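Okay, so here's the structure we're looking at.
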Amino acid sequence: MARPRFLPDNFTLYLIGALLLASFLPCRGMAASVLNIVTNLAIALLFFFHGAKLSRTAIVAGITH
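Residue numbers are given in the numbering used here: position 46 of the sequence shown equals residue 66, and the series is strictly consecutive.
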């Protein structure tokens, strides 16, 4: 079934959902400190893997080696 033309793609919908979730349920206390570190690491890995242009199978194979 084709997606209606007026709906954005799934990534955009998930991004808006995450924004709304963070607006109504902000992270506080010790969890905020941990989430800050996890978020920074995830963003660093995202840019690294995008820059390295590795395939997903190569990444998984390297992690599980």
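Don't be surprised by glycine CBs; every beta carbon is placed ideally from N, CA and C.
Fair warning: this is a prediction, and the values are worked out from it, not measured in the lab.
Tell whether a beta-carbon distance below 9 Å holds between residue i and residue j.
i, j, result
"PHE67", "ILE79", "no"
"CYS47", "LEU35", "no"
"LEU33", "LEU41", "no"
Is residue i helix, strand or coil by DSSP?
i, result
"HIS70", "helix"
Got a sec? Which residues, its chain only, sit under 8 Å from residue i by beta carbon, not counting five neighbours each side?
i, result
"ASN92", "Examination of residue 92 is not possible in this model, given that the chain is present from 21 through 85 alone."
"MET50", "none"
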